[in-house]
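Working notes, beginning with the structure itself.
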Amino acid sequence: TLAVTGSFAQNYPDNKPITIVVPFAAGGPTDKVARDFAEALRKQLGNTPIVIENVGGAGGTLGASKVAKAAPDGYTLLLHHIGMATSPGLYRNLQYKTLDDFEYLGLINEVPMTLIGKPSLAAGNYADLVKWISANKGTVNLGNAGLGSASHLCGLLYQSTLKVDMTTVPYKGTGPAMTDLIGGQIDIMCDQTTNTTGQIEGGKVKAYAVTTPKRLPGKLAQLPTLDESGMKGFNVSIWHGLYAPKGTPKPVLDKLNAALKVALKDADFDKRQEALGAVVVTDARVNPAEHKKWVEAEIGKWGPVIKAAGQYAD
Ligand code: MLT
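Set out below in structure tokens:
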């Protein structure tokens with residue numbers, strides 16, 4: 011088998027298509043990162059075709075469990091985000107063990123989030139939004155991509171910091187949720203700049219604040235941070251990483267990690283990420299060991315927050 015693995019790994023990816031599973035619906039922020047990243051990664055893998063497969067549902071855990079169970083041959087990968095660290099606390103019978111069932115290939119980027127509203131929302135700035143929320147207590151609809159999504163985590167933190175309960179409306183991704191927000195079916199959402207920058211610039215949604223400790227550079231610089239708006243210490247950034255099923259041969263993992271590192275320096279990729287407010291990772295977390303350590307630390311960080319919020323799914 012060593013010989014087989016050896017020759018197989020040597021020629022990997024052998025011009026065979028690689029599938030990257032995105033655990034959310036097409037058109038959302040995770041999907042956008044994955045398609046841009048796949049374009050850069052492909053160039054480093056002999057231009058082998060890379061197919062994006064959107065497997066939405068259950069806050070990203072359906073897609074993640076599909077990859078955990080996939081053949082460990084390097085032809086099925088997972089591009090996922092902070093949900094890898096929040097789902098263990100949210101799902102009582104998660105279909106995979108986050109730290110045991112995946113090979114960690116490296117962190118890709120970090121993405122700020124923005125608090126946005128439907129175009130007809132009668133609030134022109136963050137202070138007015140808070141007044142509107144308290145005036146509409148109990149009837150505010152907040153969209154997210156299900157328990158375990160980044161929009162869920164941000165919404166959870168926002169509600170518990172504001173001490174207001176909202177009705178959450180889950181979607182298979184914030185791509186479809188954005189459509190309903192623009193249509194006025196839901197009132198507000200906390201979503202990543204990769205999905206909201208274009209809509210904010212296009213005047214399709216109202217923008218109120220950003221979730222990072224510092225204001226964003228460029229086009230969204232006029233948005234206050236939640237921290238400066240009274241939510242001291244509010245700090246949420248969404249990281250994305252690449253994963254393979256446990257047991258994928260080491261030479262394949264090494265090839266994928268080497269390709270990831272070069273792809274992260276791809277000029278087109280970096281330009282697109284910057285235009286969408288994302289920051290490409292340049293530190294040691296692009297290495298498998300540090301990527302895994304990072305996720306382990308994030309599980310430790312978000313676990314108590316989620317426990318305190320008392321939300322879970324069976
Ligand atoms: C999330 O909220 O986790 C993401 O926005 C979902 C998505 O990428 O659609």
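With full-length UniProt numbering, the residue at position 26 of the sequence shown is 36, and numbering never jumps.
For glycine and all other residues, C-beta sits at the position ideal for the given N, C-alpha and C.
Problem set entry | Length of the line joining the Cα atoms of Lys265 and Thr171 | 44 Å
Exercise. Would the C-beta of Gln54 count as close to the ligand MLT, meaning under 7 Å from any of its heavy atoms?
Worked result: no
Exercise. Taking 7 Å as the cut-off, does the CB of Asn205 come closer than this to any heavy atom belonging to the ligand MLT?
Worked result: yes
For this session: Specify the secondary structure class of residue 2 as computed by DSSP and reduced to three states.
Result: What is shown of the chain runs 11 to 324, which leaves residue 2 out entirely.
Problem set entry | Minimum C-alpha distance to Ala269 - residue among Leu252, Val179, Ala285 and Gly257 | It is Leu252.
Exercise. Counting along the chain, where does the alpha helix (DSSP H) carrying Pro261 start and finish?
Worked result: DSSP places Pro261 in the uninterrupted alpha helix (DSSP H) bounded by Lys260 to Ala273.
For this session: Determine the burial state of Ile28: buried for a count of at least 16 other Cβ atoms within 10 Å of its Cβ, exposed for fewer.
Result: buried
For this session: State the beta-bridge partners of Tyr101 as determined by DSSP.
Result: Ala323
For this session: Please state if the CB of Phe279 and the CB of Glu49 are separated by a distance shorter than 8 Å.
Result: yes
Exercise. If you draw a straight line from the alpha carbon of Met123 to that of Trp304, how long is it in whole angstroms?
Worked result: 20 Å
For this session: May I ask you to check if the CB of Pro39 is nearer than 7 Å to at least one heavy atom of the ligand MLT?
Result: yes
Problem set entry | DSSP three-state assignment for Met241, whether helix, strand or coil | coil
Exercise. Nearest-angstrom Cα distance between Gly153 and Asn21?
Worked result: 45 Å
For this session: Given a cut-off of 8 Å, decide if Val272 and Asp197 are closer than it, judged by their beta-carbon atoms.
Result: no
Exercise. Between Glu306 and chain C, is there a C-beta pair that is closer than 8 Å?
Worked result: Checking the listed chains, one finds no chain C in this structure; it contains a single protein chain.
Exercise. Are the beta-carbon atoms belonging to Ile92 and Ala35 less than 8 Å from one another?
Worked result: no
For this session: Report the rounded CA-to-CA distance for Leu230 versus Ala132, giving the unit in angstroms.
Result: 21 Å
For this session: Can you grab the Cα-Cα spacing for the pair Leu226 / Pro298, in whole Å?
Result: Pairing Leu226 with Pro298, the inter-Cα distance amounts to about 29 Å.
Exercise. Is any heavy atom in the ligand MLT found nearer than 7 Å to the beta carbon of His90?
Worked result: no
Exercise. The alpha helix (DSSP H) with Pro186 in it runs from where to where?
Worked result: Residues Thr184 to Ile192.
Exercise. How would you call Tyr181, buried or exposed, if buried means at least 16 neighbouring beta carbons within 10 angstroms?
Worked result: buried
Problem set entry | Cβ-based burial, Ala13 [other Cβ within 10 Å; buried from 16] | At Ala13, the pLDDT of 46 sits below 50, so the modelled position is not reliable and the matter cannot be decided from this model.
Exercise. In three-state DSSP terms, what is Ala217?
Worked result: strand
For this session: May I ask whether a heavy atom of the ligand MLT can be found less than 7 Å away from the beta carbon of Asn146?
Result: no
Problem set entry | Check: Gly84 C-beta below 7 Å from any heavy atom of the ligand MLT | no
Exercise. Does the Cβ of Ala81 have 16 or more other Cβ atoms within 10 Å, making it buried, or fewer, making it exposed?
Worked result: exposed
Problem set entry | Inter-residue spacing [alpha-carbon to alpha-carbon] between Trp142 and Lys317 | 29 Å
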